[in-house]
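The opening residue of the sequence shown carries number 12 in our numbering; numbering runs sequentially from there.
Here's the structure we're looking at; comments come further down.
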Amino acid sequence: MSGTIVHALNWDNGYEQQFIAVNPMGDEVILYQTNHDNDPTVESNAIVQLNSRSGFENIQCSSYSKIKRGLVGVGSINGTISIFDINSPTTSSILHLRPKQNRPCNSISFNHNNLIVAGFDKGRQDNSLQIWDIENYSSSGGGGNIKRPLSTYLPNEAILSTAFYPDRESSILCGSYKFLREIDLRSDQPAFQMATKCTLGLTIDHFQNHLFQSFSEDGSLAIWDRRKLTTTKSKSLSSSGNVITETSILQFNKLLSDASSRKISHPCVRYSTIRRGEFAAVFNGDLIRRWHTGRVPSDYTISPMNETTTPSYRFSSSETNTLHGLKQQASQLYKPSDDSLFVSMVLDVKTDYERVISFDYSPDITSHTSTNFVCMRQSGSVFRMPVVECIEAMDFNVLNEFSIAGPEGTMTKFIDLTKQQQEQEQGRQTETAIKMNRNRSLSLARMGGLSLTETDLRNTEDFSEDVSSTVDDDQSDLPAAKTNNNNHPKHQVNQGRLSFDEIPLNTFLDSSDIINNDICSTIRKRASMGYAFDCDFNISLLERLDTMDHQLFLRNTWKWLSLARKSLEKGTMISQGIDLGFQGVLGMWKGVDELNGQNRTEDNTANPITETWFSQAVKSIVSSKGKKTAAINIPSNSEKKPQRKLALIVSGWYLADNEFEEKLEVLVSQGYWEKAAGWAVFHGNVPKAIEILANSQKERLRLMATAVAGYLAYKNSNVNSPWKDQCRKMASELDDPYLRAIFAFIADDDWWDVLDEHALPLRERLGVALRFLSDKDLSVYLDRIADSVVNKGELEGLILTGITPRGIDLLQSYVDRTSDIQTASLIASYACPRYFSDERITHWIDCYRNLLNRWGFFNIRAKFDVNRTKLSKTFKDQITIKSTPKQVFLQCTRCNKNMAKLKNNPNAPVNNQALMKQFNKINGKTITNNILNCCPHCGAPLPRCAICLLTLGTPIPLEPNERLDENDKLGNKIENKFREWFSYCLTCNHSYHAYHAQEWFSKHYVCPVPDCNCRCNSK
12 MSGTIVHALN WDNGYEQQFI AVNPMGDEVI LYQTNHDNDP TVESNAIVQL
62 NSRSGFENIQ CSSYSKIKRG LVGVGSINGT ISIFDINSPT TSSILHLRPK
112 QNRPCNSISF NHNNLIVAGF DKGRQDNSLQ IWDIENYSSS GGGGNIKRPL
162 STYLPNEAIL STAFYPDRES SILCGSYKFL REIDLRSDQP AFQMATKCTL
212 GLTIDHFQNH LFQSFSEDGS LAIWDRRKLT TTKSKSLSSS GNVITETSIL
262 QFNKLLSDAS SRKISHPCVR YSTIRRGEFA AVFNGDLIRR WHTGRVPSDY
312 TISPMNETTT PSYRFSSSET NTLHGLKQQA SQLYKPSDDS LFVSMVLDVK
362 TDYERVISFD YSPDITSHTS TNFVCMRQSG SVFRMPVVEC IEAMDFNVLN
412 EFSIAGPEGT MTKFIDLTKQ QQEQEQGRQT ETAIKMNRNR SLSLARMGGL
462 SLTETDLRNT EDFSEDVSST VDDDQSDLPA AKTNNNNHPK HQVNQGRLSF
512 DEIPLNTFLD SSDIINNDIC STIRKRASMG YAFDCDFNIS LLERLDTMDH
562 QLFLRNTWKW LSLARKSLEK GTMISQGIDL GFQGVLGMWK GVDELNGQNR
612 TEDNTANPIT ETWFSQAVKS IVSSKGKKTA AINIPSNSEK KPQRKLALIV
662 SGWYLADNEF EEKLEVLVSQ GYWEKAAGWA VFHGNVPKAI EILANSQKER
712 LRLMATAVAG YLAYKNSNVN SPWKDQCRKM ASELDDPYLR AIFAFIADDD
762 WWDVLDEHAL PLRERLGVAL RFLSDKDLSV YLDRIADSVV NKGELEGLIL
812 TGITPRGIDL LQSYVDRTSD IQTASLIASY ACPRYFSDER ITHWIDCYRN
862 LLNRWGFFNI RAKFDVNRTK LSKTFKDQIT IKSTPKQVFL QCTRCNKNMA
912 KLKNNPNAPV NNQALMKQFN KINGKTITNN ILNCCPHCGA PLPRCAICLL
962 TLGTPIPLEP NERLDENDKL GNKIENKFRE WFSYCLTCNH SYHAYHAQEW
1012 FSKHYVCPVP DCNCRCNSK
């Protein structure tokens, strides 16, 4: 035996726990006790030695009595069992128990009747399982020997492990090399015997005495249920007795193979004395692994699918087959008639010190569910260590408040309401400031003689107007005036918060930092600040937000949406009865293949769009742009010249010569010489790029201008000169993507080298491809880029795919990657359901609306629904979105019918006038007013106002001093309608006119009805 330590149950001295240890040398037994310095309110890991008993030789096993404190037994290698009281002086007597033949004692165990069972190696003339009665032993007596055991069993067979059942004093578990048996002292035959290799380390669960575990020499561990082993249905008679064919309820093959070493004969496995269904083992001397098991009760059954019991959802045939297969697997894995165990969780605990050979559980005195371990090292030293428990349950709400539950209790993390109110107020101020700045810009534009259309065109028709927003995030060579601010997007600090790119991996963040950067908090912040369907406002808002929102791709996407929406509103994307709104570059290039399957025609008929029809529409749109499109340089051999030009228009990458010069001047004036030079090359003007670099304020760029100038000399040469080699080398070593693209192009005069530079913005690469690639290469490139952006969920790829079914696939990847259902819902609403429908969009919108409702943003949710309805209108003003059915209606208290539905057609809602006409017709009367003061079905009068006593629905007469302004007819109509609205108290069921209720409760708290003490307005 290598050394062991166990918690002596029922030996605790108050709140101090006692542990029995056998040192690794096998010659001494020591009693340890925890030490809390007489203060049970403070947990302490101190442990002290109380007593010890030495003088033994090669202790092989040990045990203790749970009913008599201090009584310990040890078995030696020569078969002698020594029984002694460890709390008595060392001179006290020791009771020795010896078999007939000297052989190793492998296991001993006490029961509550002062019986001790011992298992020995095989002997020739002696049984290996022996039970001794030590009732007459006294620790104060003279010691001695007991010559004969009470009873013996199992000759010619080695017994490796033994254990008494705590609740069955006459039953013993024992394991030999091949069999696992239960011996009943009242019978000569075993209660059961079963052939298995898992016969070592028999341990009974402290909480469920019918469960026990054992392991084999190869490290396999099995958990058994005694109730199953003793049933007659699993027994078959044989010559050797009752042989059990039942298997273990939980089997782990070679689970403990790494838990033992050469110096440790057997692994140390313990059942928990703290938590039900837990056991643990030590591995490699520095790791304790804990297994938590759960139980599937015997009454667990899965009823067959019955579609009539679930009217809210009907499964398809494929789903039904899948569900049926899962139920069959579950019925095979978990037998409905028996309890079944499963592993619910596995936890690893790192020990405080290395070379641990044994351990046991130690309860925490301050928490009944917390765990500590008392461990013995290979040197014999003992220490006590706490265990950091794992959280077992965690749940978030929509405000990112969360509650956690674990062995140490529960805890809820609430948000700071003050900080949230400050953020909402800041959002309102930001929204106001953005709108004021926009109005100021529009006023200045009008003062300068520019029309609104021209101003919008300059701001949105080309993304490059805001030069700083189109510079790549990896731009490193910024002007001196810019770099001094240290506001690089990747390392930007806003409001005291760091970007995640700056945080080292070994840094622990506060929970508030994690929550504030969660997408749910981001969505809430954007929504409260007005992030919705106004593209220009969204762009300005994103520029004002912190590092989580300061993302270039999101702003560029909204810029493209702004361009596409204004083009559609002006009618420039509708021609020949075809609506090309929100189509991307890929749709313009492929044409009919991308459009069919969508509602893109004027009459929305099922007739597909033909190539001729589409070509005419494209030519009409391009020609409407005037001379500007005529100056676009495209390959002369292209068969789709109008489609190329329209694709350039859609991407925003088409400029007249004078506009192009202006853009370059703006870039140069702001210090972006590399980008300006790159744009010049992308438009095929290499001399202009040389000029820009030569006039740069940076000496490095002026030197590069000299290298680029070599292109003019070598562009017609096919010789692989050293100059071209150096250009290729620089194309792979430079940091700036525009410089890399320039040198890659001039080295081989191949535009594919530019298109392979993925650090360039997608829009610029699309512009190069549309201008210079052949039709075949362009199709290949667009398909390849489309597959890439869709798979990666790159939102800026909508410029390529458009808001089409292919674009929804891209949005799905984006949602899978970021969980940003807000942006996905807003973008998808521009085209769905106007052009097509998709269940994924409906799911995103429902989730977003549910979030807004749960946050209490009802006003924002209502505006969201209204704007979606407006966006669903076709160019013939036909609303394609399905209206939300009414959620509230008036019900007659007499006939219980809906008062807003006709009697002859209960599915058709009507107005008050139609209801009165129907009721008057029934009663043979002719009344021309539209007053509804009774049920149209049964004629029951409506309730009376508790203040004026008039029937609800009757117009309220105006007092002389309440005459409204006659000039404001619309305002009078609205106010009169509100005055006559019905108002009910849901507590006392009294009703009023809305105007009377408002007037009454502005001065009173109690209901106006006599003897009613209801505070209606306080509910």
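Glycine residues also receive a C-beta, built at the ideal position from the N, C-alpha and C atoms.
Taking 8 angstroms as the cut-off, the beta carbon of F67 is found closer than this to the beta carbon of D38.
In the displayed model, A292 falls within a strand according to three-state DSSP. A contact is defined here as three or more CB-CB pairs under 8 angstroms, and the stretch 391-400 meets this definition with respect to the stretch 47-66.
Cβ atoms of N411 and I526 come within 8 angstroms of each other, at about 5 angstroms. Of the residues assessed, I78 falls on the exposed side of the cut-off, its CB having fewer than 16 other CB atoms within 10 angstroms. In this structure, DSSP gives K1014 a state outside helix and strand, which the three-state scheme calls coil. If you draw a straight line from the Cα of A169 to the Cα of G130, it comes to about 7 angstroms.
Take the alpha-carbon of I105 and the one of H379: they are about 38 angstroms apart. Restricted to the stretch 713-758, the alpha helix (DSSP H) segments that are unbroken, complete and at least 4 residues in length are 733-744, listed in chain order.
L240 places its beta carbon less than 8 angstroms from that of M205.
For K887, the closest C-alpha among the options A720, E613 and E400 is that of E613.
By the neighbour-count criterion, in which a residue is buried when 16 or more other Cβ atoms sit within 10 angstroms of its Cβ, W992 is exposed. Annotated as distal: F353 and V280, with beta-carbon spacing of 8 angstroms or more. Shortest Cα-Cα distance from F756 to any of D788, L723 and S799 involves L723. Of the residues assessed, V596 falls on the buried side of the cut-off, its CB having 16 or more other CB atoms within 10 angstroms. Taking a C-beta distance under 8 angstroms as the contact criterion, L108 and I94 qualify as a contact pair.
Distance from the Cα of F121 is smallest, within the candidate group T891, H769, K208 and A19, for A19. Put simply, the stretch 776-796 does not touch the stretch 698-705. Fewer than three CB pairs are less than 8 angstroms apart. Taking C-alpha positions only, G721 is separated from T623 by approximately 47 angstroms. Taking 3 residues as the minimum length, the stretch 618-690 contains no beta strand (DSSP E) run wholly inside it.
Secondary-structure assignment with DSSP links T423 through a beta bridge to S414. In the DSSP annotation of this structure, the continuous segment of the alpha helix (DSSP H) that includes V800 starts and ends at D786 to K803. C401 is classed as exposed because its beta carbon has fewer than 16 other beta carbons within 10 Å across all chains shown. A contact between stretches requires three or more CB pairs, one per stretch, nearer than 8 angstroms, and the stretch 567-578 meets this requirement with the stretch 798-812. Beta-bridge partners of I94 (DSSP): G84 and L106. For Y43, the pairing in a beta bridge is given by DSSP as F30 and Q60. CA-to-CA, the gap between A752 and V801 works out to about 24 angstroms. D297 sits away from V357, with the two beta carbons spaced by 8 angstroms or more.
Straight across, the Cα-Cα distance linking R238 with H221 is about 7 angstroms. A contact between stretches requires three or more CB pairs, one per stretch, nearer than 8 angstroms, and the stretch 677-684 fails this requirement with the stretch 762-770. Note on geometry: alpha-carbon atoms of L781 and W690 lie some 14 angstroms from one another. C-alpha of Q654 to C-alpha of V629: approximately 7 angstroms in a straight line.
G186 is positioned such that its CB atom lies no closer than 8 angstroms to that of L165. Where F564 is concerned, the enclosing alpha helix (DSSP H) starts and stops at L563 to E580. For C1027, no beta strand (DSSP E) encloses it, and the DSSP letter there is neither H nor E. By the C-beta density criterion, N138 is buried, having at least 16 other C-beta atoms within 10 angstroms.
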